[in-house]
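S.K.: Just so it is clear: in the sequence shown, position 169 is 168 by numbering that gives the first Met the number 0, and no numbers are missing. Following this message is one structure expressed as structure tokens.
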Amino acid sequence: MDNENIILPETDDNVDKIPIKDIGKIGKDPKMQSEQNEDAPAEEMTEVEENIEQEEQDELDEPAEKHRIKRKKRCRRALASIAILLAFCIIFGSFAAIFSKKGTLSNIELAASFKSAAKDYQLKPEIDEEGNYYFTTNGAFKILQLTDIHIGGGFMSTGKDAKALQAVATIVQHEKPDLVIVSGDIAYPVPFQAGTFNNKNGAKIFATLMETLHCYWTVSLGNHDTEAYSYYDRKAISEFYSSPEFTYCIYTPGPEDVDGQGNQIIKVVNTAGLIVQGIVILDSHSYTDGDILGIQWKYDNVHKNQVQWYEQQIEKMKSENVMKLYSIDDQYFKDHKAFNTVNSLLFLHIPLVEYKDAWMEFANNGYKDTEDVKYIEGIIGETGRMIYHGMHEDDLFEKILKLKSTKAVFCGHDHFNNITINYKGVDLSYGYSIDYLAYPGIDKEGSQRGATVIEIDKFGAHTISKYNLYSGRYNLPEGFDDDIVMQFEDVTFQYFEDGKEGITE
0 MDNENIILPE TDDNVDKIPI KDIGKIGKDP KMQSEQNEDA PAEEMTEVEE NIEQEEQDEL
60 DEPAEKHRIK RKKRCRRALA SIAILLAFCI IFGSFAAIFS KKGTLSNIEL AASFKSAAKD
120 YQLKPEIDEE GNYYFTTNGA FKILQLTDIH IGGGFMSTGK DAKALQAVAT IVQHEKPDLV
180 IVSGDIAYPV PFQAGTFNNK NGAKIFATLM ETLHCYWTVS LGNHDTEAYS YYDRKAISEF
240 YSSPEFTYCI YTPGPEDVDG QGNQIIKVVN TAGLIVQGIV ILDSHSYTDG DILGIQWKYD
300 NVHKNQVQWY EQQIEKMKSE NVMKLYSIDD QYFKDHKAFN TVNSLLFLHI PLVEYKDAWM
360 EFANNGYKDT EDVKYIEGII GETGRMIYHG MHEDDLFEKI LKLKSTKAVF CGHDHFNNIT
420 INYKGVDLSY GYSIDYLAYP GIDKEGSQRG ATVIEIDKFG AHTISKYNLY SGRYNLPEGF
480 DDDIVMQFED VTFQYFEDGK EGITE
């Protein structure tokens, strides 16, 4: 029989009987193939192979899978942390809101309890065609500068807020000014010190106080008035201060096409209609260069279009006076040539960089006057950079020199600084601060606390006087601030006697 025709059942017994040359033919026969298909279908073999390949691939992918698992765990932990933080904020916010409301109402009641500071004959402002407030007088005009009131408005600051209110009320009642200008930081809604994010609380408390005192006032907004985390932004606080519900607040939001809130002109005019003094309020903004929370002390400047607006307003006031002078008889014109250029004063919160330039020139000259710098009074009590001006140049001071109108600039911001120094013919002046809250331990220190009084005569000339709260000028309630320490020996004149110690470029 031909071996090629041999087809044996595929059994263990028969395998050994198959000629070696025919072993490779087993399974090629259709019958044998059919038998093989019945015993081990091709699909099952493929599935086994796929499983093997998958196991091999899983071994290769094991590190990536572990990475994915770790990443998911990290995400879950992060989400859990965020959830815990949010829960804490909600709980803290709810707790703070309840107790802060109680403290705010308590201080609003206190603010409403003070006696009026109005004079027997009080100047009443009017509004001109352009929406600017103006006062009319042929006599002197008195401005009281207050700064950095720092009312927290929360449950953690109730006691210190009450002290700030008492200090302000005592000063205003004694001075009886025609106008109070607050150069920033009425509110201080820093939660870990005030116990609230609500910056309108401080604004409400202060506004209530000024309404009670019957004293006209306005404000140049500071960096703390509207923090990034505060409930109300700058526009909202601006709208609050410009509300018609206030009789004595003459704050205006300013033109919409100019950066900032509260860029404002207030005029003092005589009965002939001549502008005796222009008062310029500018918003120096808050923080810049990515320092959203202000923790790097990167402060903003007056912006370019604000400088342009300032120039336009100065030129406009000058034109108004010139036109008015030409409508008056010649003799009057000869006697009032001084009104050709309107004298003006400028108020903002953050100091110009020229404050630092002037002080450094004075210090580098052995604390002696130079051709450009004339020391007048006060101290630099801040450490570190000492003068925390804006980060960039803004050209405002250059414009001031060019226009020859603004004779003095007033700022706040640096609580321990209260110098007045004349630089290139312009007085650069810090106001005394009120703050009982922001600086650690400042509620027990008194050298920096007080007020600045600016008096304007009938020709527009100004004088600056500074008074410490504890100097004996003010009639403080018995027992008020008895634990205060005067940290500087002389609050009217002091500088570093040992040369440039503490001075930084």
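Cβ atoms here follow ideal geometry from the backbone N, Cα and C, with glycine treated the same way. The structure displayed is predicted, hence computed values, not measured ones.
For residue 394, I'd like the list of residues in its chain whose CB is within less than 8 Å of its CB, leaving aside the five on either flank, ordered along the chain.
M.R.: Same-chain partners within the cutoff: 303 and 306.
S.K.: Identify the continuous beta strand (DSSP E) that holds residue 376 and give its terminal residues.
M.R.: Its beta strand (DSSP E) spans residues 372-376.
S.K.: Among residues of its own chain, excluding the 5 on either side of residue 175, which ones have a beta-carbon nearer than 7 Å to its beta-carbon?
M.R.: Closer than 7 Å at Cβ, skipping near neighbours: 116 and 118.
S.K.: How many Å lie between residue 483 and residue 473 at the Cα?
M.R.: Cα-Cα distance, rounded: 15 Å.
S.K.: What's the call for residue 404, buried or exposed, on a 16-neighbour Cβ count within 10 Å?
M.R.: It counts as buried.
S.K.: So, with DSSP's three-state summary, where would you put residue 125?
M.R.: Looking at residue 125 - three-state DSSP - the assignment turns out to be strand.
S.K.: State the start and end residues of the unbroken alpha helix (DSSP H) segment that holds residue 171.
M.R.: Per DSSP, residue 171 belongs to the alpha helix (DSSP H) from 157-174.
S.K.: Helix, strand or coil: how does DSSP classify residue 361 here?
M.R.: Residue 361: helix per DSSP, three-state reduction.
S.K.: If the criterion is Cβ atoms closer than 8 Å, does the pair residue 313 and residue 285 meet it?
M.R.: It is not a contact, given that the beta carbons lie outside the stated cut-off.
S.K.: Residues in the same chain with beta-carbon distance under 6 Å from residue 373, minus the five sequence neighbours each way, listed in chain order, please.
M.R.: Excluding residues within five positions, the ones whose Cβ falls inside 6 Å are 421.
S.K.: State the DSSP-derived secondary structure class of residue 421, mapped to helix, strand or coil.
M.R.: In this structure, residue 421 counts as strand in the three-state DSSP scheme.
S.K.: Can you tell me which of the three DSSP states residue 487 falls into?
M.R.: In this structure, residue 487 counts as coil in the three-state DSSP scheme.
S.K.: Hey, which unbroken runs of the beta strand (DSSP E) at 3 residues or more fall wholly within the stretch 286-354?
M.R.: If we require 3 residues or more, the beta strand (DSSP E) runs fully inside the stretch 286-354 come out as 343-346.
S.K.: Helix, strand or coil for residue 37 per DSSP?
M.R.: Note that residue 37 has pLDDT 47, beneath the 50 cutoff, so the model's placement of it is unreliable and no number is given.
S.K.: Considering just the uninterrupted stretch of the beta strand (DSSP E) at residue 455, what are its terminal residues?
M.R.: It spans 449-455 - the beta strand (DSSP E) in which residue 455 sits, taken as one unbroken run.
S.K.: Evaluate the contact criterion for the stretch 240-248 versus the stretch 310-326: three or more CB pairs, one atom per stretch, below 8 Å.
M.R.: No contact exists between the stretch 240-248 and the stretch 310-326.
S.K.: Skipping 5 residues on each side, what residues in its chain have a beta carbon closer than 7 Å to that of residue 167?
M.R.: Cβ neighbours of residue 167 beyond the five flanking positions: 145, 148, 208 and 433.
S.K.: When you compare only the Cα positions, how much space is there between residue 486 and residue 318?
M.R.: Using only the alpha carbons, I get a separation of about 49 Å.
S.K.: Within the continuous alpha helix (DSSP H) that includes residue 235, where are the two ends?
M.R.: That run of the alpha helix (DSSP H) goes 233-240.
S.K.: Compute the Euclidean distance between the alpha carbons of residue 103 and residue 224, then round it to the nearest angstrom.
M.R.: Cα-Cα distance, rounded: 16 Å.
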